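Chains as they are written, first to last, in my numbering: chain U, 39 to 302; chain Z, 14 to 320.
Some notes on the structure that comes next.
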Amino acid sequence: MSAAGALLDVRGLTVRFGGLVALDGVDVAVAEGETVGVIGPNGSGKTTLFNALTGLYAPAGGEIVFRGRRLAGLEAHAIARLGIARTFQASRLCLDLSVFDNILIGMHAGRRTGLVDFVVRRRRFLGEIRAALERASHLLALFNRDLPSRGFERVGQLPQIDRRRVEICRALAAAPTLLLLDEPSAGMNPEETAELMRDLRIVREEMPGLSVVIIEHDMFVIEGVSQRVVAFNYGRKIAEGSFAAVAAHGEVRAAYLGTEAVGA
Amino acid sequence: MPPLELLLQQALNGVMLGVMYALVAVGFTLFFGVLDVIHFAHGDIFMLGAFAGLTALVGLKAAGLGGSLLALPLTFAAAILVTGVVGVAAERVCVKPLAGTSPLMTLLATLSLGLVIRESVLIFYPRGADPKPFPQLLPQGGFEAGGVAIRYENLAILGIGLAAMVAVDRVIKGTKMGAAIRAVAQDPEAAQMMGVNLDRTVDATFFLGSGLAAVAGILSGLYYSEIHFIMGITGGVIGFSAAAIGGLGNVYGAIVGGLLFGVLQTTAAALIPRGSEFRDVVAFAVVMLFLVFKPSGIFGEKSVERV
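Following this line, the structure appears as structure tokens:
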């Protein structure tokens with residue numbers, strides 16, 4: 039696809055940790071409304087890509103252009119405010135806080151009332167909180183109609199699948215234009231994974247303009263939700279295209295099955 | 014066994030002291046919560062708050078406002094502003110630049126800063142070596158209830174201290190800034206990716222914690238009717254102990270720890286022969302027991318492995 043009209047355009051991205059090259063001149067583009075799957079063995083640079091995109095790592099080379107803007111030098115919170123939201127492979131929810139509190143943190147950048155409103159303009163403050171809770175309830179209900187009623191419970195009390203939903207809601211709460219999902223099916227059984235795929239389709243239907251990049255080990259998830267697949271190995275992009283094409287790619291098969299299996 | 018009235022009296026006095034300790038402890042625990050640091054100059058920030066309050070009072074008196082109803086709120090506001098700004102400066106000079114180095118470096122830097130603050134008050138405050146009488150602003154007199162003497166002044170100190178704690182609780186639980194502080198305390202990286210500005214949140218935390226120390230400093234001046242440039246040493250150690258007992262990083266733990274420490278001190282004074290001489294020995298012995306048997310504190314999850 040042409041990179042010119044892309045929402046996200048990553049060119050020649052290189053990330054180094056000391057002598058280790060975690061990402062080596064990677065090009066990835068994502069169009070508006072597109073879902074791109076990212077696959078590759080452990081340590082192939084998938085999460086490093088997310089960490090560089092969200093400003094956690096400073097790239098050693100290349101550039102990231104998001105909505106026509108170069109992200110170099112921006113701090114993580116500034117990048118988040120431009121419209122990139124993410125989830126983490128191991129859930130990074132605040133388990134001690136309530137479901138609503140977690141989602142409110144996702145809305146952080148959008149909150150307008152400050153300390154002054156809290157003290158003297160209570161109506162304004164409460165109005166914002168009410169609107170935020172309504173939005174949070176709406177997002178939760180998309181995935182599970184019972185979740186809004188558990189909004190004041192601690193996240194730690196929810197089952198795994200609902201925690202993942204809260205994490206996705208927290209990311210969506212910021213009203214992002216690009217959603218990065220880092221292995222959402224990690225730690226899930228097949229039934230939960232099937233529910234997750236249904237959830238991701240709901241996201242697609244409810245937010246057709248949202249672009250999604252999803253890292254997954256589960257090939258059913260990748261096949262089921264992505265329109266295009268990018269495969270990584272040793273920090274390099276080794277294949278790109280439809281799921282079928284990438285899955286059939288020799289280097290991808292070698293990376294997953296071992297070179298002997300393919301070379302034999 | 015001392016009479017019940019004496020015990021009640023001492024428990025009440027303990028709660029009074031405990032409220033002041035708790036206000037200092039909340040600062041320690043907030044700083045540890047957001048940055049995983051122990052800010053050893055915090056005791057001297059507490060002392061600085063007392064001196065800033067005294068200076069404000071002297072200034073107000075010179076302006077003819079010494080006896081007005083505004084004197085007390087203005088004194089608190091001025092002292093909170095001074096310690097808040099110094100607290101944020103301390104974080105930017107002694108804590109942030111050392112992020113990623115050994116925690117011992119932050120320990121050394123904040124200890125040194127405490128010394129600088131203490132010596133500065135000694136040298137630059139007029140006759141800084143002397144204990145300074147602190148004006149009595151609160152209503153004097155009192156009444157007796159069930160054999161326990163209750164002074165209006167003490168009730169006011171208790172009320173102000175509790176009001177400060179409630180205010181902190183509301184700010185942390187209710188406001189956008191509070192949400193940012195809680196998010197950063199749990200996971201700074203994830204918080205940033207939700208759009209939380211880390212630097213600004215850390216500044217806010219240090220302003221808040223240091224401002225509370227100023228409130229404690231003024232209350233201490235009002236309670237003992239005198240302040241001294243070395244008061245931050247004991248004040249800091251007690252505040253830190255209270256935060257550790259409660260569980261570093263937990264605001265409610267710090268409050269409980271502060272109250273517990275105060276009550277331990279005063280009841281020890283009543284229960285043990287020559288107890289008032291041993292009150293610190295008893296209280297710190299309990300701190301040590303906590304460190305041995307429950308190092309993460311009453312409510313703590315993070316262990317005190319950093320320093």
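All C-beta atoms in this analysis are idealised placements derived from N, C-alpha and C, irrespective of residue type, glycine included.
Given the structure is predicted, the values throughout are model-derived calculations rather than measurements.
Proximity of residue i and residue j at Cβ, strictly below 8 Å
i	j	result
Z/Ala198	Z/Gly46	yes
Z/Glu239	Z/Phe147	yes
U/Ala69	U/Ser249	yes
Z/Met244	Z/Ala91	no
Z/Gly222	Z/Gly100	yes
U/Leu51	U/Ile122	no
U/Arg203	U/Asn227	no
U/Val53	U/Ile252	no
Z/Val106	Z/Leu61	no
U/Ala169	U/Ala212	no
U/Val193	U/Val137	yes
U/Val64	U/Arg274	yes
Z/Gly141	Z/Phe242	yes
U/Arg49	U/Gly106	no
Z/Ala196	Z/Val181	no
U/Glu230	U/Gln198	yes
Close beta carbons around residue i, own chain, < 8 Å, minus the five adjacent residues each side
i	result
Z/Arg11	Within the shown structure, residues of chain Z are numbered from 14 to 320, placing residue 11 of chain Z beyond reach of any answer.
Z/Thr279	Gln23, Ala24, Asn26, Gly27, Leu30, Arg292
Z/Val50	Phe44, Val108, Pro116, Thr119, Thr123, Arg319
U/Val284	Ile77, Val267, Val268, Ala269, Ala277, Glu278, Val290
Z/Val295	Leu277, Gln278, Ala281, Ile285, Gly288
Z/Glu88	A small fix is needed here, since residue 88 of chain Z is Thr in this sequence, not Glu. Around Z/Thr88: Gly66, Ala69, Leu70, Leu73, Leu150, Ile231.
Unbroken alpha helix (DSSP H) run spanning residue i, endpoints
i	result
Z/Glu6	Here chain Z covers residues 14 to 320 and nothing more, so residue 6 of chain Z does not appear.
U/Lys84	84-91
U/Thr73	Looking at the DSSP string, U/Thr73 is not in any alpha helix (DSSP H); the run it does join, the beta strand (DSSP E), is 73-77.
Z/Asn167	165-187
Z/Val101	84-103
Z/Leu117	116-137
U/Ala285	281-286
Z/Glu202	201-206
Z/Gly62	55-75
U/Ile143	137-144
Contact with chain U by residue i, beta-carbon distance below 8 Å
i	result
Z/Val39	no
Z/Val299	no
Z/Gln199	yes
Z/Met207	yes
Z/Leu343	Only positions 14 to 320 of chain Z appear in this structure, which leaves residue 343 of chain Z out of reach.
Z/Leu87	no
Z/Lys189	yes
Z/Leu304	no
Z/Asn210	yes
Z/Ala227	no
Z/Glu202	yes
Z/Arg195	yes
Z/Phe253	no
Z/Ala162	no
Z/Ala63	no
Min CB distance residue i to chain Z below 8 Å
i	result
U/Ile143	yes
U/Gly194	no
U/Ala147	yes
U/Gly152	yes
U/Thr215	no
U/Ala293	no
U/Ala128	no
U/Leu358	In the structure as shown, chain U begins at 39 and stops at 302. Residue 358 of chain U is therefore absent and cannot be evaluated.
Cβ-based neighbour list, residue i, same chain, cut-off 7 Å, excluding 5 preceding and 5 following
i	result
U/Leu117	It should be pointed out that residue 117 of chain U corresponds to Ile in this sequence rather than to Leu. Only Thr92, Gly93, Leu109 meet the Cβ criterion.
Residue i - containing beta strand (DSSP E), residue span
i	result
Z/Thr218	From DSSP, Z/Thr218 is part of no beta strand (DSSP E) but of the alpha helix (DSSP H) over 211-237.
Z/Phe297	Premise fails: Z/Phe297 lies in the alpha helix (DSSP H), 288-306, not in any beta strand (DSSP E).
U/Leu61	58-68
U/Thr52	46-55
U/Arg124	122-124
U/Gly262	Unbroken run through U/Gly262 is the alpha helix (DSSP H), 257-263; no beta strand (DSSP E).
Z/Ala142	No beta strand (DSSP E) holds Z/Ala142; DSSP gives it neither H nor E.
U/Ala110	Here U/Ala110 belongs to no beta strand (DSSP E), and DSSP marks it neither H nor E.
Z/Val108	Segment: none, Z/Val108 is in no beta strand (DSSP E) and carries neither H nor E.
Nonlocal neighbours in the same chain, by C-beta distance under 6 Å from residue i, ignoring five residues either side
i	result
Z/Asp57	Gly127, Ile130, Arg131, Gly245
U/Asp166	Here residue 166 of chain U is Glu; the residue named in the question, Asp, does not match the sequence. Closer than 6 Å at the Cβ level, and outside the excluded window around U/Glu166, lie Thr151.
Z/Ala53	In the sequence as presented, Ala is not what sits at residue 53 of chain Z; that position holds Phe. Here the set comprises Thr123, Leu124, Gly127.
Z/Ala217	Met190
Z/Gly97	Phe220, Ser223, Gly224
Alpha helix (DSSP H) runs contained entirely in the region 146-215 of chain U, provided each spans 4 or more residues: 153-158, 160-181, 198-211
Uninterrupted alpha helix (DSSP H) stretches inside the region 222-248 of chain U (no shorter than 4 residues): 228-244
Ordered list of alpha helix (DSSP H) runs contained in the region 241-272 of chain Z, each at least 4 residues: 244-259
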